[in-house]
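Please read the structure below before turning to the comments.
Numbering (this note's numbering), first residue to last: 2 to 423.
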């Protein structure tokens, strides 16, 4: 008995999941919106610059026969974004909004569960794209497995409401408070229907403590690291500035104000580069701070990794993060990270050995560390080498293996329990 997996965009962790399931001979079908395979019409279309974004949806050819796509609504979203047709992609209500893309795929998957239920034992779905699939799976007595990639919305609102009051000039960048009651109820119903819940960090699991009802088993399986940079070169300091990097959305949810505050008074010793997109024009203080540093709006993924390898330190002061892939990416390049306890940091970093964990919502612990590094910059090289070693111990294949074994065990337990009841 096999498993159906669905995800509208097929992000990095989803790709690892389906590869792991395929290796374990568990994967029946993968449902998504857009998937490019070499020689397919979408792959050819992606060679045109207007459609180059689709190349990011490329998959290994071994998955082509088990992948089913429903591309039209997602294509509409991409085109509407490109031409800035706002009414079509308006939050929740637009015909090509993210919400409608997710809900449409969810309904297609539910129909496929009904058609293929004799061949499957479980459905593996992600937040906002699971309700209809799970409801149909429950009717047919199939195992419902839920992947929650970011913290629970109740916890998010509790923590970030405090932040909006504390730093009102940055509050407009936070977002995440405009979901309707209907959408929030849908998230809750998905969680309640789940027989098994996977999260990628201990922090994400902790956020579920605010859920008002008892949930089924929650398991933490951290994501893997990218391939390590075996040729990392550590450049002597010789009086130069310490090169510090931030990569992420320009939002207070990422703790960006604390990044800027931490380097105040240290500008003659710290060279800060910020990479990320955000609504800069609507936040005067953000625009003002970016003018004082090296600012890059966006870069391809390979260029991000290269940039990480050219820096001494990544600071990621996020206030609410399901995981934080930039942490593992930087470590894979031999660049140590300062991360908060509200990220995957506590799950993968040994504080002071291969990185540092600081309390979220404060610039002071970051500033204190920076002052230490200014006095003794070789700490960064030593911890960077340790970070590289940590990254080498857990490649993405480890996540693939751990998740597929856990899912297989869950399916076997579910089937055995059903047999016992019968």
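Built from N, CA and C at the ideal position, the CB exists for glycine as well.
Keep in mind that this is a model prediction, so the values were computed, not measured.
Annotated three-state conformation of residue 60 is coil, per DSSP.
Per DSSP, the continuous beta strand (DSSP E) segment holding residue 30 begins and ends at 28-33.
Residue 372 sits in a helix when the DSSP states are folded into three classes. Going by DSSP, residue 55 is part of no alpha helix (DSSP H) at all; its letter is neither H nor E. In the DSSP assignment, residue 123 forms a beta bridge with 4, 144. Going by DSSP, residue 245 is part of the beta strand (DSSP E) stretching over 243-248. Judged by DSSP in its simplified three-state form, residue 318 adopts coil rather than helix or strand. If you draw a straight line from the Cα of residue 68 to the Cα of residue 110, it comes to about 12 Å.
Of the residues assessed, residue 186 falls on the exposed side of the cut-off, its CB having fewer than 16 other CB atoms within 10 angstroms. If you look at residue 191, you'll find it isn't in any beta strand (DSSP E); it sits in the alpha helix (DSSP H) that goes 182-194.
In the three-state DSSP reduction, residue 104 falls in the helix class (H, G or I). A check of alpha carbon separations from residue 283 across 323, 399, 252, 145 identifies 252 as the nearest. With a 10 Å radius around the Cβ and a threshold of 16 neighbouring Cβ atoms, residue 181 comes out exposed. Here the C-alpha atom of residue 170 lies approximately 30 Å from the C-alpha atom of residue 206.
Around the beta carbon of residue 328, a 10 Å sphere encloses 16 or more other beta carbons of the protein chains shown; the residue is thus reported as buried. Judged by DSSP in its simplified three-state form, residue 280 adopts coil rather than helix or strand.
Annotation for residue 75: the continuous alpha helix (DSSP H) segment containing it runs 73-83. In the structure shown, the three-state DSSP call for residue 234 is coil.
The residue from 262, 292, 263, 268 with its alpha-carbon nearest to that of residue 276 is 292.
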